[in-house]
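Encoded as structure tokens, the structure appears first; notes follow it.
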Amino acid sequence: MPELPEVETVKAALLPLVEGRTIQHVRQMRSDLRWPLPERLADRLTGRRCGTAYRRAKYILIPLDGHEVLLIHLGMSGAIRIYEHQPEFAKHDHISVQLDTGQWFVFSDPRRFGHVDLISDSELETHKLLRHLGIEPLSNMLSGDWLADRLAGKTAPIKSALMDQRIIAGLGNIYVCEALFKAGISPRRKAGSIKAGRAEKLVRAIRDVLTLAIASGGTSLRDHVQPGGEIGYFVQQLSVYGRAELPCVSCRTPLKHITQTGRSSFYCPNCQR
DNA sequence: CTTTCGTCCTGACTGC
DNA sequence: TGCAGTCAGGACGAAA
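Residue numbers (our numbering): 8 to 280.
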């Protein structure tokens, strides 16, 4: 589920829930997710007042009083659900948080590739999960020239370069495939061969795909703020992802599926060069 | 330095 | 119906 648009959607749902609220109760069901959870996490969260939640790359960050920040990464299978009252415990629920409104949010993650951490403000720049992150794709920093510059000399395929969170932070497998399709660029092309013109087109495609995905996530969010409902999922008209052998939406050529650096890539061999 | 590969987990699905 | 094998939207850290 969680690439940038999905994380953004989850953050958007969490923000009004937690902003200005005090954490009243925390249930922690295990001591580790991907990595060991912070010592005494539940104790340390209880009684803390939440600030304005925000997103960085695929991380959700909730500032707390006392100069600390709650960091949440959903991994591959993580989800956050919101409840009006204390929910029944469900399998794979790992951390449940009750606010002073009586509402709850629950972090659930079957594969446990996700992570939750409590860090100090001063660690925002230096934390091992945050310090190497590249730029936000929806920020003004991303431009065709900037991207072409960062890709210059790279022999890795453009698909892999766009998956690299140290360059652009927040893209994942689906949206990289979709953006490359929209830009007419083959995932197999060497990253270093993307010069100004193509880079400009690619940047526009990345922005368009993400913006559209966030918008549709936002639209469907309404149905999912109901108690017990799940928030944050992707509703996206996918052009290529998961569509191997199906005809290209543009030229009807059968789409191809290949593996690059261990991940699936889908593309149109005719439209993408 | 860059790039690939193994790894952490569970669950859904496919094919025999 | 059961069971083995494969694959999954992530990303670190070791190795080449």
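A virtual CB, placed ideally from N, CA and C, is assigned to each residue, including glycine.
Distances from the CA of Ala-251 to each of Arg-270, Gln-267, Cys-275, Gly-269 were compared; the closest alpha carbon is that of Cys-275. Contact between Leu-21 and Ile-126 does not hold, since the beta-carbon distance rounds to 18 Å and is not under 8 Å. DSSP, reduced to helix, strand and coil, places Ile-165 within a helical segment of the structure shown. Glu-10 and Asp-116 have their C-alpha atoms roughly 15 Å apart.
Counting C-beta pairs with one atom in each stretch, the region 102 to 112 and the region 22 to 30 have three or more that are closer than 8 Å, which means they touch. Closest option to Glu-15, judged by alpha-carbon separation, among Leu-81, Gly-73, Leu-209, Ser-200: Leu-81. DSSP links His-99 through a beta bridge to no other residue. Contact between the region 173 to 180 and the region 140 to 159 is established, with three or more Cβ pairs separated by less than 8 Å. For Glu-185, no beta strand (DSSP E) segment is defined; the enclosing uninterrupted segment is the alpha helix (DSSP H) at 180 to 190. Sequence-distant partners of Ala-212 (beyond 5 residues in either direction) whose C-beta falls short of 7 Å from its own C-beta, in its chain, are Ala-186, Lys-189, Ala-190. Going by DSSP, Lys-263 is part of the beta strand (DSSP E) stretching over 263 to 267. The C-alpha of Ile-102 is placed about 5 Å away from the C-alpha of Phe-114.
At the C-beta level, Gly-160 and Val-210 stay beyond 9 Å of one another.
Counting along the chain, Ala-64 sits inside no beta strand (DSSP E), nor does DSSP assign it H or E at all. The Cβ atoms of Cys-57 and Pro-45 lie no closer than 9 Å to each other. Note that the C-beta distance between Phe-96 and Arg-41 is not below 9 Å. If you keep only unbroken beta strand (DSSP E) runs of at least 3 residues inside the region 88 to 163, you get 100 to 106, 111 to 115, 122 to 127.
Residues Gly-151, Leu-154, Ala-155 of the same chain have their beta carbon placed closer than 6 Å to that of Ala-206, with the five preceding and five following residues left out of the count. Under a 10 Å Cβ-count criterion, Cys-255 is classified as buried, with 16 or more other Cβ atoms of the shown protein chains found around its own Cβ. When beta bridges are read from the DSSP output, Ile-175 appears opposite Ile-142.
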